[in-house]
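A.B. asks:
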Amino acid sequence: MMLRIVLVTTVALMLISTQISTLEEVYAQGGGVGLTEPMLVKTDKGSLYVEVRFWSEPEPEKEVKMQIRFLQPDKSRIQLHVDYSVVIEDANGNSIFKQPVTHSTPGIEELPVTFPVEGPYNITVKVSGILFIPIPEEQAVFSIRVVPEFPVPVALIILASAIGMIATLSRYRFMKI
């Protein structure tokens, strides 16, 4: 009987830890400080690539720094001197952030952004000049989903409750009334 409890507890721990790590991979919640995985998109007319990353996973009502990098078509070098603008819209097409046309000398920019609620958002980066030469506007569009942080203490409470229920049910199953 004790072996069964240990086995069930071990399996439950493995399943829950797998679920927590899966959530961290998908949403990177609780992943600590550091840049998120890059999202890389070629502009619609192909002049350059735009990479967007965040310093932490975006959460509703929390400011997060968004990093934008402009890369040359071979993706190996940063594109210097880019004129760009940024618009972030929610699922209904409402703008929640607008960066007017700005000149990026180093080709890497960081912008503070706050997403008001959870849900899907589109980030549109428009390019209107490269190396001080105006070009017909090009854009790169990124889709993201903002989710609240998954609280690890809640997962631990669920795990402890499940273990307690298994242990209690195992004891009552073998009792004679």
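Per the working numbering, the sequence shown starts with residue -18, numbered consecutively.
Every residue, glycine too, gets a C-beta built ideally from N, C-alpha and C.
Just so you know, these numbers come straight off a predicted model, no measurement behind them.
Between Tyr30 and Leu52, what straight-line distance do the alpha-carbon atoms span, to the nearest angstrom?
C.D. replies: In a straight line, the C-alpha of Tyr30 is about 5 Å away from that of Leu52.
A.B. asks: Name the one or two DSSP bridge partners that Arg162 has.
C.D. replies: Given that the chain is displayed from residue -18 to residue 158, the structure contains no residue 162 and the question cannot be resolved.
A.B. asks: What does the alpha-carbon distance come out to for the pair Ser142 and Val127?
C.D. replies: Their backbone Cα atoms lie some 29 Å apart in a straight line.
A.B. asks: Should Asp55 be labelled buried (16 or more other beta-carbon atoms within 10 Å of its own) or exposed?
C.D. replies: Burial call: exposed.
A.B. asks: Go ahead and label Thr24 buried or exposed: buried means 16 or more other beta carbons lie within 10 angstroms of its beta carbon, across all protein chains shown.
C.D. replies: Counting Cβ neighbours within 10 Å, Thr24 comes out buried, since at least 16 surround it.
A.B. asks: To the nearest angstrom, how far is it from the Cα of Lys79 to the Cα of Lys26?
C.D. replies: Going by the C-alpha atoms only, they are around 22 Å apart.
A.B. asks: Val33 and Phe123 look like a contact to me (Cβ under 8 Å); what is the Cβ gap, rounded to whole Å?
C.D. replies: With a Cβ gap of about 5 Å, Val33 and Phe123 count as contacting.
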